[in-house]
Amino acid sequence: MATRWDPFQEMDRLLSTLAMSARETGAMPMDLFRTGDHYVLSLDLPGVDPGTIDVSCEDQTITIRAERTQRSSSDMQWLVRERPTGTFARQLTVGRGLALDQISASYADGVLSLTIPVSEEAKPRKIEVSHSGSMSQIAGSTQGTQTIESSPKRQETIEG
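Residue numbers (my numbering): 43 to 202.
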């Protein structure tokens with residue numbers, strides 16, 4: 043019994059599967075950058091009802107959900123329909139060192155922007171080193187003793 047195999051049909055099936063998964067993950071494209079002591083996360087959500095946007099944070103995971111409703115009318119006939127509808131969700135797991143209780147969010151022109159500050163504990167800081175300034179001078183020199191100045195404020199005596 044002979045079996046027919048069409049490599050082009052298999053390639054078409056594979057490409058359509060990849061296009062479908064790319065469309066699903068591309069439903070909420072994002073940019074993330076750091077400026078100063080906070081991160082800015084921008085997500086494209088055109089056509090989303092602002093009332094359906096939900097941002098939540100649990101442990102180290104930020105979850106963003108939004109819904110785009112389908113337009114429908116009794117006299118509407120679709121010619122091309124490529125924009126996905128329904129509920130979209132995206133989760134981001136973030137590292138420690140962020141002040142997740144101080145996230146602020148805004149939605150304008152189809153873009154959701156989250157500002158995530160760096161926590162005070164994670165910010166770099168300079169630690170001041172204190173020192174006592176008592177400097178003793180060695181008056182005179184005895185035989186077999188040398189005075190070596192290792193820094194402007196410190197003298198060491200080496201016997202030898």
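Cβ coordinates follow ideal geometry from the N, Cα and C atoms, glycine included.
All figures in this text were calculated on a predicted structure; none of them were measured in a lab.
Can you check DSSP and say which residues form a bridge with Gly-128? Arg-110
Which residue or residues does DSSP assign as beta-bridge partners of Ser-98? For Ser-98, the pairing in a beta bridge is given by DSSP as Thr-105.
Inter-stretch contact (C-beta, 8 Å, three-pair minimum) for the segment 103-117 and the segment 159-178: Touching, no, given that fewer than three Cβ pairs across the two stretches are closer than 8 Å.
Please list, in chain order, all residues of the same chain as Gly-89 whose beta carbon is under 6 Å from its beta carbon, the five residues on each side excluded. Arg-110
Could you spell out where the beta strand (DSSP E) holding Ile-158 opens and where it closes? DSSP places Ile-158 inside the beta strand (DSSP E), whose first and last residues are 153-159.
How big is the Cα-Cα spacing for Pro-92 and His-80? 24 Å
When burial is assigned at 16 or more other CB atoms within 10 Å of the CB, is Ile-169 buried or exposed? Ile-169 counts as exposed, since fewer than 16 other beta carbons sit within 10 angstroms of its beta carbon.
Going by C-alpha to C-alpha distance, which of Thr-77, Pro-71 and Gln-102 sits closest to Leu-140? Gln-102
Alpha carbon of Val-97 to alpha carbon of Leu-56, nearest angstrom: 34 Å
Can you grab the Cα-Cα spacing for the pair Ser-155 / Ile-106, in whole Å? 11 Å
Could you pull out every residue in the same chain whose Cβ sits closer than 6 Å to the Cβ of Leu-134, ignoring the five residues on either side in sequence? Ile-104
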